[in-house]
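Protein sequences, first through last, are from chains A and B.
Position 324 of the first sequence, counting from 1, maps to 328 under the working numbering, and the rest follow consecutively.
Position 345 of the second sequence, counting from 1, maps to 348 under the working numbering, and the rest follow consecutively.
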Amino acid sequence: MKKLLLLIPSLMIMSFSGWAQKTVTGSVLDEGGLPLPGASVIEKGTSNGVSTDFDGNFSIEISEGNILEVSFIGYSSELITVGDQDNYSVTLNPSNELEEIIVTGQGSGIEKRKLSTTVDVLNEKDIDKLPARQIDQLLQSTTPSAQIRLSSGQPGTASIIRTRGALSAATSSTPVVIVDGIRVDNLNSNPSLAQDTGGADISALADIPIESIERIEYIKGGAATTLYGADAANGVIQIITKKGKAGTSKVFFETRLGSIRATEDFLKYSRTAEALFDPGLLNEYRIGMSGGTEVSTYNFSASLYKDDSYNDLNEQIKRSFTFGLTRNISDKLKYQASMSYVNMDSNLDFNANTSFSRFSGFEGGGRGDLDTMDDETWQSELERSRNLANTIDITNRVNRFTASNKFTYEAGKNITANFTTGVDFRSFVQQRNDTNEMQIYQGTIPAGSADRASLDRMIRNNFTLTTDFNLTHRGALDNFEFVTIVGAQFFRKSDRQNLVSGSGGVDGSTSVNTFPTKTSTDFVLENANYGVYLLENVGIYDVAFLEFGGRLDYNTAAGGNSSAIFLPKFGITYNISDHDFYEGSSISNVVSSIKLRANYGEATNFAGAFSQDRTFALESFLGKPAFRFANPGNPDLKSETVQTSEIGLELGFLDNRINFSGTYYKGITKDALFTPSQPPSSGLLSQIQNIGEIENSGVELAINAAVIQNDKHNLNLSLSYNTNENTVTSMGGAAPFNVGGFSVIGSWVEEGQSLGYLRGTAATPNGDGTYTFTPNETLGKTFAPTFGSISLNYSYDKFNFFASGDYQMDGNIVDLSFLLRHLRGVDNTGIPDDLVGTTSPFNYVNYFTFENDFFKIRNIGVTYNFGQTDIFSNISVGFTATNPFNWTTGLWDPETTGSGIGTQNGFSSGGFYYGTESAPRTFITSIRFEF
Amino acid sequence: MKKNIITYIAAVFLISGCNSDFSDVVDFKQVTNPNLSEGSVVGLPNSSALWKSGIEREISRTLNEILILAELGSDNYVNIQTYFSQFMDNMDIRTTDPDIRDTQNEIARVMRMAEYGIATVGPNDPDYSAVTEAEFNFYLGYARMLAGMYFSKLPQETLGVPVTSDDLYANAITSFNAAISLNPSAEYHLAKARANYYLGNKSEAVAAATAAISADDDFLRSAEYDELEGPSNTMEDALYERGTFDDFQPLPSLDFLDPKYSFVDANVDPSVHYLKAEEAYLILAEAHLSDGNVAAAQQNLTSLLALVATRDVREVDDSGETRGNQSNAVDDSTRPSSSEVTVNGRSGLILDRDNGDVSIPSVSGTSLTASEIAAMGADDAGLALIYRTRQEIFIAEGIRFVDMGIKLVINENEILQNENISDGDAGTVAVVPSFIDAVKNDLDGITFDAANNSAATTVDVTAILIQNKTSSSVVPFE
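1. Which word fits ALA454/A, buried or exposed, when buried means at least 16 other C-beta atoms lie within 10 angstroms of its C-beta?
2. Just mark ASP57/A as buried or exposed, buried being the case when its beta carbon has 16 or more other beta carbons within 10 Å.
3. Listing by chain order, which chain A residues have their CB less than 9 Å from the CB of PRO37/B?
4. Name the two residues that bound the continuous beta strand (DSSP E) containing ARG632/A.
5. Do ALA237/A and GLY225/A have their C-beta atoms closer together than 9 Å?
6. By Cβ distance below 6 Å, which residues in the same chain neighbour SER722/A in space, the five residues on each side in sequence not counted?
7. To the nearest angstrom, how far is the alpha carbon of SER75/A from that of THR230/A?
8. When the distance is taken between beta carbons, is GLY49/A closer than 9 Å to ASN485/A?
9. How would you list, in chain order, the residues of chain A whose beta-carbon sits under 8 Å from the beta-carbon of ARG60/B?
10. Counting only beta-carbon atoms, is PRO740/A nearer than 9 Å to chain B?
11. Would you say ASN127/A faces chain B, with C-beta separation under 9 Å as the test?
12. For ILE389/B, report the span of its beta strand (DSSP E) as first-last.
13. Between SER578/A and chain B, is any beta-carbon pair separated by less than 9 Å?
14. What is the DSSP secondary structure of GLU45/A, reduced to helix, strand or coil?
15. Cβ atoms of ASN850/A and ALA788/A: under 9 Å apart, would you say?
16. Name the chain A residues that come within less than 7 Å of VAL44/B, Cβ to Cβ?
17. With a Cβ-Cβ cutoff of 9 Å, do ILE439/B and GLY430/B count as a contact?
18. Quick one: what does DSSP say PRO159/A is sitting in, helix, strand or coil?
19. In the DSSP assignment, what are the bridge partners of ARG323/A?
20. What's the C-alpha gap between LEU40/A and ASP34/A?
21. Find the residues of chain B that neighbour GLY508/A, judging by a C-beta separation of less than 9 Å, and give them in chain order.
22. Indicate the three-state DSSP secondary structure (helix, strand or coil) for GLY736/A in the structure shown.
23. Give the secondary structure of THR247/B by DSSP, where H, G and I count as helix, E and B as strand, and everything else as coil.
24. Check VAL490/A in the structure and name its three-state DSSP category.
25. List in chain order: all unbroken alpha helix (DSSP H) runs of 4+ residues lying wholly within the region 141-216 of chain B.
26. Could you name the residues of chain A that THR99/B contacts, counting a contact when the two beta carbons are closer than 9 Å?
27. Can you tell which of GLY671/A, ASN635/A, TYR289/A, MET343/A has the C-alpha that lies nearest to the C-alpha of ASN730/A?
28. Can you list, in chain order, the residues of its chain with a C-beta nearer than 6 Å to that of GLU899/A? Leave out the 5 residues immediately preceding and following it.
29. Between LYS322/A and MET293/A, is the Cβ-Cβ spacing less than 9 Å?
30. Is any beta-carbon of chain A found at less than 9 Å from that of PRO255/B?
31. Near ASP355/B, what residues of its chain come up, given a Cβ to Cβ distance below 7 Å and the 5 sequence neighbours on each side ignored?
32. Please decide whether SER686/A counts as near chain B, where near means a Cβ-Cβ distance under 9 Å.
33. Check each candidate in ALA568/A, PHE527/A, VAL490/A and name the one with the smallest Cα separation from GLU540/A.
34. Got a sec? Which residues, its chain only, sit under 6 Å from ALA630/A by beta carbon, not counting five neighbours each side?
35. Run down chain A in chain order and give the residues with a C-beta less than 8 Å from the C-beta of ASP320/B.
36. Determine the direct distance from the alpha carbon of ASP428/B to that of SER681/A, and round the result to whole angstroms.
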């Protein structure tokens, strides 16, 4: 560590300044002629530089003949050779992909061209046109190398997000989510004490505000996330919110109105739709204003949203506002803040994994064969279903505040200090009231029962505090540029859950006070993580860049025998096309840019808080206290480390009208956290241990082409293709263990297999009417190893058309609804007659296992800008359809695996389709007025 | 003046800086595990009583695991649409079966808790009593006996050498003797009688059973269940409080005894009675019959009937029950559900569940009659009567499985991690007597002629046991 600290001053000494010859002034404007405050104006090859003021003006001392490099985030840099004139007006155009500045994972902003890692960026324009209601839905099909699967159609649903495969058997694959530098609650599953809704999981991602986003950066795990340290192995999504721009105040008002309809593509019985589905209305109002002066800017937006869903039960209301500002406190000190509040109310129906689920009951054959049911019976089923819809009472309420503060201080010509601190507080209240009436309709208590009602209320308060301080030094020495970032980061997470339950009640109250018997349970997770990091980016002749650095990481979820972990990172980038000789060569007319990159980096996932401690429990057993052994403890527990190497190639053709990106990666999860069963003779509960090893490798290919590009017409096409090979390479001596599903057809962790692969008893015909039954047969990978996305954007003058979709192939899924129908004797589709009835269906689960291929169009939309009118600066109208088309290999939705998410933040294989409604279709029109 | 101000300001800062209490304000690294550590348990006054409650809770959990396997594995119950054990109905006993793993783990857990109670919690508790110490020894013995009942070999220590069923019984007896020396109770004597019974030690079994009845002739030791806070009774879920699935169906000849466990109230689930005076009478009757002493056996069975008559009978609304099969769980026509149906020629075994509440014994019930007792002789028919009665008395209590001589296997987690065990060793291979193995697919088989109100079981396991009574696996006194 001391050595690292010594390195910093020595690097800082390497700064050189140019010598002043004359004062050059000027202004920096965007493509529309508006000033760009905060743009960087630097004497090329030196550390001599200034930023533009809020009118976009600058003043710099520079010699004639030297070159000024003008840059700004999101815009292409411009080079100006200083001649005899003293004033320059520089217009910057929005950058193409290779020249953006990336802040996520870098400590401070660094040009994308200098980075050896890849980043997916979604800008304001892309975001605003999509009708998504939650961040994961927004990223679905718009990020080229992420697999994002919404696990149910119900409001606030959890999702499965994966980029470079399943890295961990211990935790969810959800990336860290950061809003303006602040970690926010990203729990993408039900909390530990949530109601047993049969797998209708509620996610914290669903209430991250998406109404005021300027930009989203999505970096994948590995070298890109090393600086985030613990928990960042699955990648980082950073949301940068709007803070307003100097200039005339702008106001907008937008209304969205639409219809929300069930996706019926995967239904076995059309009568299921008749019973449950009911198209709903969707309505949203948004208002926003932004503007500012040369000293401060602001942005405010608010949204009110409601839909009554695609079925006869769900309803969702969301209220939010966000506020962002910047202020120049002095010439050197800048303050930037953002704050958001979200309130979300929704209700849930029971999902698959409970006998209370209506959908699962119908589709799983629990109510009989609906196709052959006589009308009279069906009418009574309809009545029962409607009675249940009116009496099922599971409600969710979220209140969430997020606040970020960032101070930037220009400590010298070359040194910038950044201090970021902020909090995210999310309160989630989930309440389930099983009235006597509902239970009588369910048939679980006798008619006439009046004192069997129960009430459960869970309150989860999650608090996250983030603090980051770093110093950035930019220097140059001849043809070498140095960017040195040294910093310290801290975050603390506190998750407190309380469940109060009342039973033996009468109907008519949701106060636990009115229930004669009361119980309560709590759950606490508390974790602090801190580390110091250093990153050095060395530019060589401005064409090649060397990155090295790392993070020394410690977190309180480690055992007593564990020490801090050092996570190194290295990278090299070579922009061949930036050589002068290349720019002048004839090949550059065809291959306009070539970038080679390679890197190695480590990131971690840590075990759940307190899982290292040996503990005892005191249970209440029949009203008496009763001790027991609880967690066995593991003083050697530490984070699992994902070591990722990647090499990549980026090519631009025809003046970068066609861009290609290709990456090969290999990630090895060392000391993988497994929770196998203890040897049974110990009598101990399972204990998480660093015993496994998992390997992921694959390629990520993406191509983006401006097929048509002229004054009027623009057509852009994007296509991505990704592969992932996932293997558990070591079990550390433990037996295979189940991580989902059932013992008879489950998702397992076993050496030599894909993480969470499907295992069960398979029947193979011998050709003579008999069958061979093989237990523990491999039935496929739950993670589709081939996936990608496709999008199209066409604009003609003020008209814009877009469409996006995604696909996956080569994975498998178990259709548990079919298995249940078969068990209940109403569906033998595809099962040989000579097998049915001869043995338990659990001995031929291969007949319920299918390919999980799909191709889904996620969004199709059009927008039209009317432009300036007498009153408005612009009026735009739009129409979007979400989830309009699906192609799958059968009557199951490979995406809706809601019942498969087990424990809080736990691993989810998503390999089971089981009585879960698919994401609905929405058809939305929007009108936006700008003043 | 200026100097004073500077000194004052410096002093304020210095004091602030030295005030270590204030460091808490900016120390966000501290986390505290809210759970109990060992220091909060050991040495606490009355901790042995709380530890004892904990072991009792663990025994309830252990029986939850065992009963599902044992009742499905025997001819008592068939699993028609359940996510409980998928294998046991077909007598498919695998080292990879997680339910068998959990059973082994639960038994070991009771052992480890009992040992920790004896060695650590008890001696450090100022309120430790001989009664509690006796209980700890009993729990250890009971766990060892369960290991012997359900496994042919099982490690007795963490990652220990596998111990044979007979040695497990012998070690259990050692623990029961320790318990008896501290606090002689009927239950400890009966436990000792059962261990000796399965060992085939007739005289020791008789002595212990006699001692048990002498101490208390209607005792009942029960694993209790907490519907509110858990554990709830898993068998009750399987038999009664099920949703649209989880449905066990009894052999029709046992229909009148089902459901032994049914809804009590929101706080308490029905208990499993794991040591009861009935067992002492049955052991004595079997011992006397094997000695040719019919009169003594008849006396024992008569006492048994008298005792059964005093046991609790619950009025149960079982109108929601459907007697279906695997292909159609709700079709009442596939299994007998009318009192008019005879089973194997016997009437009165099937209950009408749709005509009001049914009366179900919640402790012990039997179809044995005084006239059957009077007519019995010292022959196989007499022995069969005792075994039929054992099946009825112990339904849903896991005993029939043991009586059939079946033993589970050591789980693969143990095999992989315990250097004393290799796959293929004794203990890793299921023990199923050949005469049971031959009929394992027919154990739950029935034929039902609804038109003629007649049902028959495909096989009569009691008869098979008696036919093979000389086998070392079954009928220990023969």
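C-beta atoms are modelled at their ideal positions from N, C-alpha and C, and glycine is treated no differently.
None of these values were measured; they are calculated from a predicted model.
On the basis of the supplied data:
1. exposed
2. buried
3. ASP526, VAL528, GLU530, PHE614
4. 628-633
5. yes
6. ASN708, SER795
7. 27 Å
8. Per the sequence shown, the amino acid found at residue 485/A is Glu instead of Asn. Taking 9 Å as the Cβ cut-off, GLU485/A and GLY49/A qualify as a contacting pair.
9. GLU623, PHE625, ALA630, ARG632
10. yes
11. no
12. No beta strand (DSSP E) contains ILE389/B, which is instead part of the alpha helix (DSSP H) from 383-396.
13. It is worth fixing the name first, because residue 578/A is Tyr in this sequence and not Ser. Closer than 9 Å: no.
14. Residue identity check: residue 45/A is Val in the sequence provided, not Glu. Three-state result, VAL45/A: strand.
15. no
16. PHE620, PHE631
17. no
18. coil
19. LEU308/A, ASN347/A
20. 6 Å
21. ASP268, ALA269, ASN270
22. coil
23. Any reading at THR247/B must be qualified, since the residue scores a pLDDT of 45, below 50, and its modelled position is unreliable; no value is offered.
24. strand
25. 168-185, 189-202
26. ALA739, PRO740, SER747, PRO779, ASN780
27. GLY671/A
28. ARG153
29. no
30. no
31. SER341, SER342
32. yes
33. VAL490/A
34. GLU623
35. PRO450
36. 21 Å
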